[in-house]
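Sequential numbering from 226 applies to the sequence shown in this note's numbering. Beta carbons: idealized from backbone N, C-alpha and C, even for Gly. First comes the structure, then the notes that go with it.
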Amino acid sequence: DAMLHAGEALGDRWQVIGRTVRRFHDQGVDHSDLNVRNILLDSQGRVFLVDFDKGRQRGAGSWKKGNLQRLQRSLRKTALETGVPYDEEVWHRIEAGYAEGE
Numbered sequence: 226d227a228m229l230h231a232g233e234a235l236g237d238r239w240q241v242i243g244r245t246v247r248r249f250h251d252q253g254v255d256h257s258d259l260n261v262r263n264i265l266l267d268s269q270g271r272v273f274l275v276d277f278d279k280g281r282q283r284g285a286g287s288w289k290k291g292n293l294q295r296l297q298r299s300l301r302k303t304a305l306e307t308g309v310p311y312d313e314e315v316w317h318r319i320e321a322g323y324a325e326g327e
């Protein structure tokens, strides 16, 4: 398994990441530290969210949006730190995957 890196050429995997986050949200799982270091990818295209020490079960609310905003900030920050360009298309793919669960 490998950690996710902002700007990485992942194609459709970005949408899979969005769908994975949505599945957790639909079950009421709040991963309040959702960032690129807490997303693992395997060679078969599967996505794993890890490090739930700050996570908890919650009802409906704005926390879902907060999780997504945290992830977007992490992608941008990682891109700046690594010099890997961050394209807003990446975020649109994540959002598209997330929306597929609606």
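### Reduced DSSP secondary structure (H/G/I, E/B, other) of Q269
Translated into positions along the sequence shown, residue 269 becomes position 44. Here Q269 sits in coil by DSSP.
### Message
Tell me the rounded alpha-carbon separation between H250 and K289.
### Response
Residue 250 sits at position 25 when you count from the first residue of the sequence shown. Residue 289 sits at position 64 when you count from the first residue of the sequence shown. Each residue's alpha carbon lies about 7 Å from the other.
### Message
Out of G286, L296, G243, which one is the CA nearest neighbour of I319?
### Response
Translated into positions along the sequence shown, residue 319 becomes position 94. When each option's Cα is compared against that of I319, the closest is G243.
### For F249, the first and last residue of its enclosing alpha helix (DSSP H)
Here residue 249 refers to the residue found at position 24 of the sequence shown. That run of the alpha helix (DSSP H) goes 238-251.
### Message
Classify V241: buried if its beta carbon has 16 or more other beta carbons within 10 angstroms, exposed otherwise.
### Response
In the sequence shown, counting from the first residue as 1, residue 241 sits at position 16. Its Cβ being crowded by 16 or more others within 10 Å, V241 is buried.
### Query
In chain order, what residues of the same chain have a beta carbon less than 6 Å from the beta carbon of R281, not counting five sequence neighbours either side?
Here residue 281 is taken as the residue at index 56 of the sequence shown, counted from 1. Cβ neighbours of R281 beyond the five flanking positions: D255.
### Message
Could you give the first and the last residue of the continuous alpha helix (DSSP H) run that contains N292?
### Response
Here the question's residue 292 lines up with position 67 in the sequence shown. Looking at the DSSP string, the run of the alpha helix (DSSP H) that includes N292 is 288-307.
### Task
Keeping to the same chain, check which residues put their C-beta closer than 8 Å to that of N292; ignore five residues upstream and five downstream.
Indexing the sequence shown from 1 puts residue 292 at position 67. Hits under 8 Å: V246, H250, D255, H256, S257, L259.
#### Entry: Nearest to S287 (by Cα), restricted to the options L266, G253, G270, V272
Mapped onto the sequence shown, residue 287 falls at position 62. Cα-wise, what sits closest to S287 is G253.
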